[in-house]
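**Student:** First, the structure itself, so that you have it in front of you.
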Ligand SMILES: Cc1cc2nc3c(=O)[nH]c(=O)nc-3n(C[C@H](O)[C@H](O)[C@H](O)COP(=O)(O)O)c2cc1C
């Protein structure tokens, strides 16, 4: 039984991965997508997207990190995959799920599911460009408007050389609207010979259980649910499938306060101070789904634009405030 941490552009970057993976027990995480369009992305681009490349492709907690590529030109994807492979990520993942209009307009992400031959050509070209030992996975939705070609696309990917398929059980048209059609994950898993991972709308251990039952697959990738409840994966691993009671949430909140302090510190090492409040609010906004304490805290900071004001609220709430350091990259650039 594998638990994977989903790629989420604009939400789950190296900072949040570093904070949530040590508690999670994930088999691996996937980075946000790197968009490939006509050029060879420089090494520094990949290192910025996945600083974990500097530590053997693992988060500080030791979770392997695969890097995701998105694009539609097989040979350009292959060249970029080869370049990336030289940096030794824990694996490479291909994106066939992004529904964003800007990406889709340039023939990337979920729209490619209307072109299974192209999907196959991309997977095959990338596989051929990679050393044998480099794991290749792919993440797909069920289709563009319906699931009519889902199995064809899954075959295209598996035959092309993807060794694991993650299926986000919705079409592009579905966007992120519930439900996720887990039963379709099972249909795909029955049709291909590579392991299939279920993804979509797993926010609780009970939903994890239902997702596995409905799809019949053992492995699940957690997305927003993992960010909204950083303890979800570890509870699943421990077999604690009931909704946490108040006492457990209280104990988890004590740990979460440390994580929030750690998050704030790491955010400040990466981004300018003025961008930190947005990042802090974004995570708290998701946490309040599960933690009344986060709801309270969010209510207190949502109207505050300055970090110094948020810090005061954090301090009063018992959250550690590390001194503000200039972003690491600026420091390094100045030193160079
Ligand atoms: C903010 C956001 C950004 C995302 N970015 C990516 C991405 O870069 N690559 C990708 O394959 N999927 C991306 N996804 C999709 C997620 O990986 C996942 O498939 C989706 O959220 C469904 O899982 P969930 O219901 O557990 O969140 C993104 C989702 C969200 C909400």
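Residue numbers (this note's numbering): 2 to 337.
Each residue gets a CB set at the ideal place from its N, CA and C atoms; glycine is no exception.
For clarity, every value in this text was computed on a predicted model and none was experimentally measured.
Quick one: any contact between the stretch 216-223 and the stretch 182-195, if contact means 3 or more CB pairs under 8 Å?
**Tutor:** Yes: the two stretches touch, three or more of their Cβ pairs being nearer than 8 Å.
**Student:** Quick check: the Cα distance between residue 193 and residue 161, rounded to an integer number of angstroms?
**Tutor:** Along the chain shown, read from residue 1 onward, the residue named residue 193 stands at position 192. Along the chain shown, read from residue 1 onward, the residue named residue 161 stands at position 160. For residue 193 and residue 161, the distance between alpha carbons rounds to 12 Å.
**Student:** State yes or no: is the C-beta of residue 258 nearer than 7 Å to some heavy atom of ligand 1?
**Tutor:** Position 257 of the chain shown holds residue 258. Answer for residue 258: no, Cβ out of range of ligand 1.
**Student:** Which residue from 176, 131 and 97 puts its Cα closest to that of residue 151?
**Tutor:** For the purposes of this step, residue 151 is identified with residue 150 of the chain shown, where counting begins at 1. Cα-wise, what sits closest to residue 151 is 97.
**Student:** Within 10 angstroms of its Cβ, does residue 81 collect 16 or more other Cβ (buried), or is it exposed?
**Tutor:** On the chain shown, position 80 is the one that residue 81 refers to. It counts as buried.
**Student:** Count Cβ pairs between the stretch 244-262 and the stretch 38-47 that sit closer than 8 Å; are there 3 or more?
**Tutor:** No, they do not touch.
**Student:** Measure the C-alpha to C-alpha separation of residue 305 and residue 271 and round it to an integer number of angstroms.
**Tutor:** The residue labelled residue 305 in the question sits at position 304 within the chain shown. The residue labelled residue 271 in the question sits at position 270 within the chain shown. Each residue's alpha carbon lies about 21 Å from the other.
**Student:** Heavy atom of ligand 1 less than 7 Å from the Cβ of residue 136, yes or no?
**Tutor:** Counted from its first residue, the chain shown places residue 136 at position 135. Incorrect: residue 136 has no Cβ contact closer than 7 Å to ligand 1.
**Student:** Could you give the residue range of the beta strand (DSSP E) that holds residue 97?
**Tutor:** Locating residue 97 in the chain shown gives position 96, where the first residue counts as 1. Residues 93-97.
**Student:** Is residue 169 a contact residue of ligand 1, with contact defined as CB to any heavy atom under 7 Å?
**Tutor:** What you label residue 169 is simply residue 168 of the chain shown in a count that begins at 1. Checking every heavy atom of ligand 1 against the Cβ of residue 169, one is found closer than 7 Å.
**Student:** Less than 7 Å between C-beta atoms, sequence neighbours within five positions excluded: which residues of the same chain meet that for residue 113?
**Tutor:** Stepping through the chain shown from its first residue, residue 113 is reached at position 112. Around residue 113: 73, 97, 119 and 120.
**Student:** If you compare alpha carbons, which of 170, 268 and 27 is closest to residue 4?
**Tutor:** Walking along the chain shown from the start, residue 4 turns up at place 3. Checked all of 170, 268 and 27; the closest Cα to residue 4 is 27.
**Student:** Against chain C, does residue 320 count as a neighbour if the rule is that its beta carbon must be under 8 Å from one of theirs?
**Tutor:** Absent from the structure is chain C; it holds one protein chain and no more.
**Student:** Using CA atoms only, rank isn't needed, just tell me which of 30, 316 and 206 is closest to residue 13.
**Tutor:** Sequence index remark: in the chain shown, residue 13 carries index 12 (1-based). Nearest option by C-alpha distance: 30.
**Student:** Return the CA-CA distance between residue 50 and residue 57, expressed in angstroms with no decimal places.
**Tutor:** Counting from 1 along the chain shown, the entry for residue 50 is found at position 49. Counting from 1 along the chain shown, the entry for residue 57 is found at position 56. Between residue 50 and residue 57, the C-alpha separation is close to 15 Å.
**Student:** Quick check on the DSSP output: what are the complete beta strand (DSSP E) runs of length 3 or more inside the stretch 121-173, in order along the chain?
**Tutor:** 137-141 and 165-169, all fully within the stretch 121-173.
**Student:** Taking residue 316 as part of the alpha helix (DSSP H), name the residues at either end of that continuous run.
**Tutor:** Numbered from its first residue, the chain shown carries residue 316 at position 315. 308-317 is the extent of the alpha helix (DSSP H) around residue 316.
**Student:** According to DSSP, is residue 29 helix, strand or coil?
**Tutor:** The residue labelled residue 29 in the question sits at position 28 within the chain shown. In the structure shown, residue 29 sits in a strand (DSSP, three-state: E or B).
**Student:** Given that a residue counts as buried once 16 or more other Cβ atoms are within 10 Å of its Cβ, and exposed if not, what is residue 8?
**Tutor:** By one-based count along the chain shown, residue 8 stands at place 7. It is buried - the Cβ of residue 8 has at least 16 other Cβ atoms within 10 Å.
**Student:** Tell me the start and end of each unbroken alpha helix (DSSP H) in the stretch 178-235 that is at least 4 residues and wholly inside, in chain order.
**Tutor:** Whole alpha helix (DSSP H) segments, 4+ residues: 183-192, 206-216 and 225-229.
**Student:** What first and last residue would you give for the alpha helix (DSSP H) that runs through residue 256?
**Tutor:** Taking the first residue of the chain shown as position 1, residue 256 is located at position 255. Residue 256 -> alpha helix (DSSP H) spans 247-271.
**Student:** When you measure from the CB of residue 12 to every non-hydrogen atom of ligand 1, does any distance come out below 7 Å?
**Tutor:** Position 11 of the chain shown, counted from the first residue, corresponds to residue 12. Residue 12 Cβ: within cutoff of ligand 1.
**Student:** Under 8 Å between the Cβ atoms of residue 170 and residue 199?
**Tutor:** Start at 1 with the first residue of the chain shown, and residue 170 comes out as number 169. Start at 1 with the first residue of the chain shown, and residue 199 comes out as number 198. Yes.
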